[in-house]
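Engineer: If you read the sequence shown in this note's numbering, its first letter stands for residue 48, the second for the next number, and so on. Heads up, the beta-carbon is just placed ideally off N, CA and C, and yes, glycines get one too. Because the structure is a prediction, the values reported are computed rather than measured.
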Amino acid sequence: MTLRRFNTLALTFLAASLVPTLALAGQPDVQSGEDLDPSIYGGMASSYCAWPTAIYLDFGFGACSGTLVHPDIVITAAHCPDTPAGKSATVRFGEAQGGGERAIAATCYSNPGYTGGVGATDYAYCRLSQSVTDVPIVPAAFGCDTSALTIGREVVIVGFGESDNGGSGSKREVTTTINAIGDTAFIGGDGKDACFGDSGGPVYIQLKSEFGGDDTWRAFGITSGGADCGSGGTYSLMHVAIPWIEEHSGIDVTPCHDSQGNWAPTPECGAMPLDPGSGMGNWNTGCSDGPVNGFGGLCGDPFGSGDDVDPPSVSITAPSNGTVFDIPPGETQAEVTIDVAADDGDGFGVASVRLLINGSEFPGNLDATEPYTWTLVFNQGAYTIEAVAEDWTGNQASADPVGIGVGEDPPDVPDSDTGDGDSGTADTGVDSGDEVGDTGDDGGGVNVTAACNCSTAATADSRPISPLLASLGLLGLLGLRRRRAKA
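1. I need the boundaries of the beta strand (DSSP E) containing V287, first residue and last residue.
2. Tell me the start and end of each unbroken beta strand (DSSP E) in the region 194-223 that is at least 3 residues and wholly inside, in chain order.
3. Return yes when the Cβ of G452 is within less than 7 Å of the Cβ of V460, no when it is not.
4. Using the rule of at least 16 other Cβ atoms within 10 Å of the residue's Cβ for burial, across every protein chain shown, is T197 buried or exposed?
5. Just checking, does the region 215-224 make contact with the region 263-271 on the three C-beta pairs under 8 Å criterion?
6. If you run the structure through DSSP and keep just helix, strand and coil, what is S367?
7. Give every residue of the same chain whose Cβ lies closer than 6 Å to the Cβ of G141, excluding the five residues on either side of it in the sequence, and list them in chain order.
8. Should A288 and Y170 be called a contact, given that it needs their Cβ atoms to be closer than 7 Å?
9. Going by the C-beta, is A288 closer than 6 Å to any heavy atom of the ligand MN?
10. Do V116 and T138 come within 7 Å of each other at the CB atom, strictly closer than that value?
11. When you compare the CB positions of P312 and F350, do they come within less than 7 Å of one another, or not?
12. Determine the DSSP secondary structure at W310, reduced to helix, strand or coil.
13. Which partner residues of L402 appear in the DSSP bridge assignment?
14. Of the residues W421, Q177 and D391, which one's Cα is nearest the Cα of L402?
15. Look at the alpha carbon of S210 and the alpha carbon of G235, and state the distance between them as a whole number of angstroms.
16. Using a Cβ-Cβ cutoff of less than 6 Å, which residues in the same chain neighbour C303 once the five nearest sequence positions on both sides are dropped?
17. Less than 7 Å between the beta carbons of P359 and A389, yes or no?
18. Between the Cα of D181 and those of T379, T332, D414 and P249, spot the shortest distance and give me the residue it belongs to.
19. Roughly how far, in whole angstroms, is the beta-carbon of C111 from the beta-carbon of S246, given that I think they are within contact range, below 8 Å?
20. Have a look at A232 and G259 and give me their C-alpha separation to the nearest angstrom.
21. Is F267 helix, strand or coil when you go by DSSP?
22. Using DSSP with H/G/I as helix, E/B as strand and the rest coil, what is N226?
23. Let's see if you can read the secondary structure: which residues bound the beta strand (DSSP E) around T420?
24. Given a threshold of 16 other Cβ atoms within 10 Å of its Cβ, counted over all protein chains shown, does F267 qualify as buried or as exposed?
25. Can you give me the Cβ contacts of N442 inside the same chain, cut-off strictly under 6 Å, excluding the 5 residues immediately before and after it?
26. Cβ atoms of F108 and A136: under 7 Å apart, would you say?
27. When DSSP labels each residue in this structure, what does E257 get in the three-state scheme?
28. So what does DSSP say about T384, is it helix, strand or coil?
29. Measuring alpha carbon to alpha carbon, tell me which of T364, P323 and D447 ends up nearest P338.
30. Please name the residue in S445, G428, V435 and S335 whose C-alpha comes closest to that of P457.
31. Check whether the Cβ atoms of G280 and G216 sit closer than 7 Å, and answer yes or no.
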């Protein structure tokens with residue numbers, strides 16, 4: 048068996064018509080002191096935006112493939128970083144040579160129990176330096192998902208290595224079947240296979256309704272190695288790797304299961320792409336325009352099912368009602384930080400908090416990341432601030448409104464008033480920096496920009512709106528709470 052590492056210098060060697068040499072187990076693919084290449088056999092080039100979670104993993108001197116399974120985590124093969132101490136890499140997204148749409152720095156860690164060569168211990172993960180929040184995640188198979196991994200099931204191998212008809216470094220795919228499954232999987236053959244360039248890359252399976260699934264997809268295989276390209280290969284399994292990955296990284300990468308594989312859906316157990324291989328949308332939006340499912344109920348009740356009839360509690364904790372903010376000398380505006388507290392008690396949790404100024408919404412007024420904080424710049428005027436919290440089952444509650452004045456007296460807002468406030472179309476005068484748009488006609492509405500410290504800012508604890516939440520009607524720039532470590 049040979050490891051199937053793909054190295055960038057192979058392109059130079061291929062151009063020079065050199066014949067690559069298969070690597071020995073536990074050794075890099077090296078000939079004459081330089082790295083080599085020979086990948087997806089019997090397949091085809093992936094469409095633009097197809098399989099967006101399949102990534103090109105660039106170590107500078109060489110590269111592998113990998114799979115984004117969480118906004119912060121890529122799974123790959125242990126023989127790619129080849130060290131449990133951590134190795135720097137660049138995760139590249141896209142389909143073209145080397146993945147050319149995005150580049151994010153990462154640190155990659157090999158399984159410390161890796162025994163070398165091809166097999167069950169050949170797994171690793173990379174932690175990204177910044178979260179990838181707009182690419183629709185095909186989650187790793189775990190818990191009840193793994194019941195779909197049986198002999199004869201159709202799967203798709205994706206990677207960036209050399210193809211049987213020449214070329215390497217671009218994303219390719221091939222559809223084949225599982226031939227054997229145990230602590231590893233043997234997949235492919237008859238000319239359909241992966242090779243060196245696909246090391247660490249994904250194998251996907253659809254949980255088809257015809258065998259009891261919900262037609263969503265899972266990533267389950269990690270390309271490890273094989274004999275001659277085209278003859279089939281051995282793949283380590285993500286569900287074997289996940290307990291160590293979660294423990295070592297401190298990140299929960301299984302949104303539908305707990306760490307023991309029991310069904311325990313979270314709000315992120317949903318919005319799974321139904322057709323990730325078709326190529327929809329564009330990389331400006333993370334290829335996120337394809338169809339997705341709702342809250343998943345594959346192995347039990349979906350998240351949010353059951354009785355939760357009580358709305359969340361919500362209050363504006365700052366500023367206090369009646370506060371006047373002075374405009375600094377020589378300025379025409381004043382900065383105001385607005386803090387909101389929201390809690391769902393024994394319910395399913397707060398899904399979002401929506402802020403309104405003088406009854407109007409504005410870009411970035413939706414936030415689902417606690418603490419709920421906005422820092423806005425106001426023109427001179429009197430303003431009524433309102434907040435509406437919604438839980439995951441759709442129950443809503445409104446905070447007592449707060450009146451503030453900027454360079455003048457505040458409006459008269461009684462402390463116990465829970466009315467809707469003024470919903471007129473006059474310009475509120477709110478501006479958070481560089482203008483990004485006006486929600487009103489002919490200058491009316493709210494002028495607000497992404498310069499606020501709220502959900503429109505690129506904070507470490509926020510995610511932009513998912514396709515699932517958009518389908519549920521939570522429109523706007525909504526941030527999803529990041530996955531945390533399991534208890």
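Structural biologist: If we stick to the structure as given:
1. Where V287 is concerned, there is no enclosing beta strand (DSSP E), although the alpha helix (DSSP H) it sits in stretches over M285 to S296.
2. Whole beta strand (DSSP E) segments, 3+ residues: 201-206.
3. The Cβ atoms of V460 and G452 do not sit closer than 7 Å to each other.
4. Flag for T197 reads exposed.
5. no
6. coil
7. G147 and E148
8. yes
9. Because no ligand of any kind appears in the structure shown, any question about the ligand MN cannot be addressed here.
10. Rather than Thr, the amino acid found at residue 138 in this sequence is Val. Not closer than 7 Å, so no.
11. yes
12. strand
13. A434
14. It is W421 whose Cα lies nearest to the Cα of L402.
15. 15 Å
16. Taken in chain order, the residues that qualify are P312, C316 and G343.
17. Note that the C-beta distance between P359 and A389 is below 7 Å.
18. T332
19. Separation of the CB atoms of C111 and S246 is rounded to 5 Å, and the pair is thereby assigned contact status at 8 Å.
20. Approximately 21 Å between the Cα atoms of the pair.
21. Secondary structure at F267: strand, using DSSP grouped into helix, strand and coil.
22. strand
23. Y419 to N426
24. buried
25. P358
26. no
27. helix
28. Annotated three-state conformation of T384 is strand, per DSSP.
29. P323
30. G428
31. no
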